[in-house]
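Below is the structure:
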C-alpha cells in the first residue's frame with residue numbers, strides 16, 4: 054500500500070516515528086518519506102541512521118499551519134505523532150500543551166484537507182478516555198477533531214482515523230528505561246506511585262504494525278483500539294529488579310490507578326473485532342451509509358455489550374513477571 058507513495062510523519066524523530074520509518078523502509082519502497090519535527094539536533098542524528106534517497110527532513114512545528122501545508126504538498130498518507138506527552142509538564146504548562154495537542158491537531162487536519170492528502174491517522178492515548186489530566190483532555194479534544202475532520206473534508210476527500218493505545222514499552226520517558234537507569238545508578242528500591250496501579254502494555258513494533266494495518270482498514274472516523282495485555286506495577290518492579298523492594302511515592306498530578314481505552318459511556322457505538330476494538334463516530338458524516346461492522350479489509354465486527362469497558366485493571370490478559378522480563382530483555 055505504501056509503495057511509490059509519499060508519507061509524512063509529524064513528530065517523526067520520536068520513538069514511534071523512528072520505528073515506523075525503519076519499518077516502512079524495510080517493507081516498502083516509498084516515493085518520499087518525510088520527517089516533520091521541530092528539533093534540528095534529533096533530525097541531524099536521524100539523518101545519520103536513515104539516509105535513503107526517499108528520506109526528507111522538514112524542520113517545523115505543528116503549531117505552524119503554513120509550514121505544514123508546504124510539507125504536505127503531494128503527500129498521500131500522514132501519521133500525526135507530534136504531541137506534548139508528559140503528564141506533570143502539561144499540568145504545569147497547560148497552554149503550551151493546548152497549543153500543540155489541540156491547535157496543532159487542527160492545523161494538521163486543515164493542511165491535510167487543503168493538500169488533498171488521502172488518509173491521515175492520528176496517534177492517541179489511553180489517557181484520552183475519561184481524562185483526569187490535561188494531557189488526556191487535550192488528546193480527547195484532538196481525537197474529536199480528527200473524527201469530525203471527515204465531515205469537514207466531504208465525500209471524496211481526505212479521510213481521518215485515530216489509533217489509541219497504552220504505554221509503549223521502552224519509549225523515551227517511559228517507566229522501563231527510567232527504572233533501568235535507577236538500577237544502573239545503584240538504587241536498591243524503585244519508586245511506585247500506587248501499589249495497585251495497572252497499565253496497558255504495547256511494544257513499539259506492535260504499535261507500528263497496528264497503525265500500518267489501520268491505514269488499510271480505515272473508512273474514516275474510527276478510533277482503533279488494539280487488544281493488548283495489562284501489567285501490574287509491582288510485577289514490573291520484580292521483572293526489572295529481580296525483587297519487590299519499592300517505595301510508594303504517591304500518585305503524580307493527573308495520574309490514574311487504572312487506565313481505560315474504551316469507556317462504558319461509548320459502548321453503545323463500539324465494535325469488537327478479532328484483535329481490536331473500534332469506537333465508531335457518534336456523529337453522522339457527509340457519507341451517511343458507512344458500514345463500520347465491515348472494514349476495508351473485509352474483517353467483521355460485532356457490537357459490544359452496553360456495559361462493556363476496556364479497563365487495564367479488569368483486562369482478562371495480564372503479563373506475568375517472567376513474560377515481562379523476557380519482553381524487557383528483547384527491547385532494551
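In the numbering used here, the protein residues as written are 54 to 385. In this text, a Cβ means the ideal position worked out from N, Cα and C, and glycines have one as well.
task = Would you mind reading off the limits of the beta strand (DSSP E) that contains residue 130?
result = 130-133
Next on the checklist: Quick check on residue 258: does DSSP put it in helix, strand or coil?
Outcome noted: DSSP, read as helix, strand or coil, puts residue 258 in helix.
Original post:
Straight-line CA distance for residue 132 to residue 180?
Top reply: 19 Å
- Query: Considering only residues of the same chain and omitting the five flanking positions on each side of residue 289, which have a CB-CB separation below 8 Å?
  - Reply: 228, 229, 232 and 377
Local Cβ density within 10 Å of residue 252, reported as buried at 16 or more and exposed below that: Buried.
Residue(s) in a DSSP beta bridge with residue 355:
325
I need the straight-line Cα distance from residue 305 to residue 340, nearest angstrom please.
43 Å
| message | I need the boundaries of the beta strand (DSSP E) containing residue 279, first residue and last residue. | response | 276-279
**OP:** Under 8 Å by Cβ, that's how I've got residue 136 and residue 64 pegged, so tell me the actual separation to the nearest angstrom.
**Re:** At roughly 7 Å, the Cβ-Cβ gap stays under 8 Å, so residue 136 and residue 64 are in contact.
Query raised in the report: Taking the continuous beta strand (DSSP E) assigned at residue 283, which residues delimit it?
Result: 283-285
Residue 359 beta carbon less than 8 Å from that of residue 279: With respect to the 8 Å criterion, residue 279 and residue 359 are not classified as neighbours on the basis of their beta carbons.
Practice problem: List the DSSP bridge partners of residue 300. | Solution: Per DSSP, 244.
* Cβ distance (whole Å) where residue 208 is taken to contact residue 267 below 8 Å -> No, residue 208 and residue 267 are not in contact; Cβ-Cβ is about 21 Å, not under 8 Å.
Problem set entry | Simplified DSSP state of residue 314, which is helix, strand or coil | strand
For residue 386, which of 100, 323, 210 and 206 has the nearest alpha-carbon?
-> The displayed coordinates of the chain run from 54 to 385. Any statement about residue 386 would go beyond what the structure contains.
Open item on the list: Does residue 174 come out as helix, strand or coil in the three-state DSSP assignment?
Closed with: It is a strand residue.
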